[in-house]
Ligand SMILES: *Cc1c(COP(=O)(O)O)cnc(C)c1O
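In the working numbering, the protein residues as written are 518 to 893.
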């Protein structure tokens, strides 16, 4: 069976983990954590980057930094992973779910303004499949209504948004805050892992404290204060050096990983595009966005077609999977949702199909999968 995902190892992970363990500094914020953070800041223009134990944790940190209070409203797409919502729920927020575009699972930026009230505190765009949301429009709204923008960039490493002035900016460097994931299903991994990026100076100092259990320990270790203690709320959001050492090995191969994933993505796209299939639609990458090879998906005509295609692929030895189930109709939230129908989110819930895509996948396998879809 060709799996849907297979974590890729560069071969250097255990070498760096060995080094981290033997250095005697195994807890967080050591040499490897700093190497990783510096890499991301220098290459993607993040003002500050802090490794976390997961993207979920990075989103929780963002919710604390955004000072979300009980009753505050946060606008989130319904077609996303639970973590996007739960980080804000834990602060007592009311989640106001927004719909996707008709042809793209990302939050429909044209539908956000109507959802803004005097209780709205933040907008959380999710760059689905690593494809940029309309950040220009979203940042304009944030400015107009004095809101914070927290990018859920879990899938969006090494992907870009082209601003109106033509400047290309990395996803995760545009919102006030952003959260990335290094879970083993993402492009670069550390098993579990994540990162908070901070692009607004106002939050940098406090972020480090929240990260280190509400203490000013990071400042202490830099020699900026002569003792450290409890100064704010927080938690243990920082990963150990073992995790950071693993991630460093992946970062060293980032270019190679990205090239391979994009090659496979293009191979799927071009061969399906050429065959002009009428019953499946291809992903749409807007002109302002890039594709980072995170995920290749198709949109089937309806749920029955999708179920049949999944079975057909399975029968031939290929594991294809569906994705999110609209959060506004989840067991947990359905009774709290305001009742609006979000038909595009529901359509992607029923019709979106993800195909195998991972570093070790051979392009011949992509051809075989495309042939099955064509003949189906
Ligand atoms: C993977 C993912 C998350 C969660 O990431 P973790 O690192 O597992 O916490 C959150 N949001 C989106 C959109 C994701 O794809």
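Don't be surprised by glycine CBs; every beta carbon is placed ideally from N, CA and C. What you are looking at is a predicted structure, and each value in this text was computed from that prediction instead of being measured.
Problem - Residues bridged to residue 712 (per DSSP) - result: 568 and 697
Exercise for the section: Reducing DSSP to helix, strand and coil, say where residue 768 ends up. Expected result: helix
Problem - Closest residue to residue 757 among 549, 772 and 643 (Cα-Cα distance) - result: 549
Problem - Nonlocal neighbours in the same chain, by C-beta distance under 7 Å from residue 656, ignoring five residues either side - result: 666 and 691
Handout entry: Between the CA atoms of residue 819 and residue 755 - distance to the nearest angstrom
Key = 43 Å
Exercise for the section: Tell me, please, whether the segment 649–664 touches the segment 599–614 by the rule of three or more beta-carbon pairs shorter than 8 Å. Expected result: A contact between stretches requires three or more CB pairs, one per stretch, nearer than 8 Å, and the segment 649–664 fails this requirement with the segment 599–614.
Exercise for the section: Go ahead and pull the three-state DSSP assignment for residue 894. Expected result: Because the chain here runs from 518 to 893, residue 894 falls outside it and cannot be looked at.
Handout entry: heavy atom of ligand 1 below 7 Å from residue 724 C-beta
Key = no
Exercise for the section: Round the Cβ separation of residue 871 and residue 780 to the nearest angstrom and send it over; I've been treating them as touching at under 8 Å. Expected result: Actually they are not in contact, since the Cβ atoms of residue 871 and residue 780 sit about 18 Å apart, beyond 8 Å.
Exercise for the section: Can you say whether residue 573 is buried or exposed, counting buried as having 16 or more other CB atoms within 10 angstroms of its CB? Expected result: buried
Problem - Sequence-distant residues of the same chain with beta carbon closer than 6 Å to residue 675, five excluded per side - result: 775 and 809
Problem - Under 8 Å between C-beta atoms of residue 792 and residue 616 - result: no
Problem - Any non-hydrogen atom of ligand 2 closer than 7 Å to residue 807 Cβ - result: Of the ligands one can find in the structure shown, namely ligand 1, none is ligand 2.
Handout entry: residue 689 beta carbon less than 8 Å from that of residue 714
Key = yes
Handout entry: Distance cut 6 Å, beta-carbon to ligand 1 heavy atom: residue list by chain order
Key = That query returns the following residues: 571, 572, 573, 597, 598, 600, 601, 643, 669, 671, 672, 698, 700 and 711.
Problem - Straight-line gap, residue 620 to residue 800 (C-alpha atoms, nearest Å) - result: 8 Å
Exercise for the section: Report the option in 641, 626 and 631 whose CA atom is closest to the CA atom of residue 599. Expected result: 641
Exercise for the section: Return yes when the Cβ of residue 524 is within less than 8 Å of the Cβ of residue 706, no when it is not. Expected result: Yes. Within cutoff.
Problem - residue 883 - DSSP class collapsed to helix/strand/coil - result: Residue 883: helix per DSSP, three-state reduction.
Handout entry: Residue range of the unbroken alpha helix (DSSP H) whose run includes residue 868
Key = 860–868
Problem - Host beta strand (DSSP E) of residue 654 (start-end) - result: It is not in any beta strand (DSSP E) - residue 654 instead sits in the alpha helix (DSSP H) that spans 652–662.
Exercise for the section: For residue 723, name the three-state secondary structure that DSSP assigns. Expected result: Helix at residue 723.
Handout entry: contact_flag[the segment 762–772, the segment 532–549] where n(CB pairs < 8 Å) is 3 or more
Key = yes
Practice task
Starting from the C-beta of residue 662, find all residues in its chain whose C-beta is less than 7 Å away, skip the five residues before and the five after it, and write them out in chain order.
Solution key: For residue 662, same chain residues with a beta-carbon under 7 Å away, outside a window of 5 residues either side, are 633 and 637 in chain order.
Problem - Option in 759, 672 and 582 with minimal Cα separation from residue 482 - result: Residue 482 lies beyond the residue range present for the chain, which begins at 518 and ends at 893; the question has no answer from this structure.
Problem - Burial state of residue 849, where buried means 16 or more other Cβ atoms lie within 10 Å - result: exposed
Handout entry: Proximity of residue 565 and residue 724 at Cβ, strictly below 8 Å
Key = yes
Exercise for the section: Compare the C-alpha of residue 875 against each of 568, 560, 701 and 588 and name the closest. Expected result: 701
Practice task
Could you name the residues of the same chain whose beta carbon sits closer than 8 Å to that of residue 585, not counting the 5 residues immediately before and after it, in chain order?
Solution key: 591, 605, 608, 609, 610, 638 and 639
Problem - Segments of 4+ residues assigned as alpha helix (DSSP H) that fall wholly inside the segment 581–645 - result: 599–606
Handout entry: Pairwise C-alpha distance: residue 718 and residue 814
Key = 37 Å
Handout entry: Three-state secondary structure (DSSP) of residue 792
Key = coil
Problem - Local Cβ density within 10 Å of residue 879, reported as buried at 16 or more and exposed below that - result: exposed
Problem - Cβ pair residue 697, residue 806 closer than 8 Å - result: Taking 8 Å as the cut-off, the Cβ atoms of residue 697 and residue 806 do not count as close.
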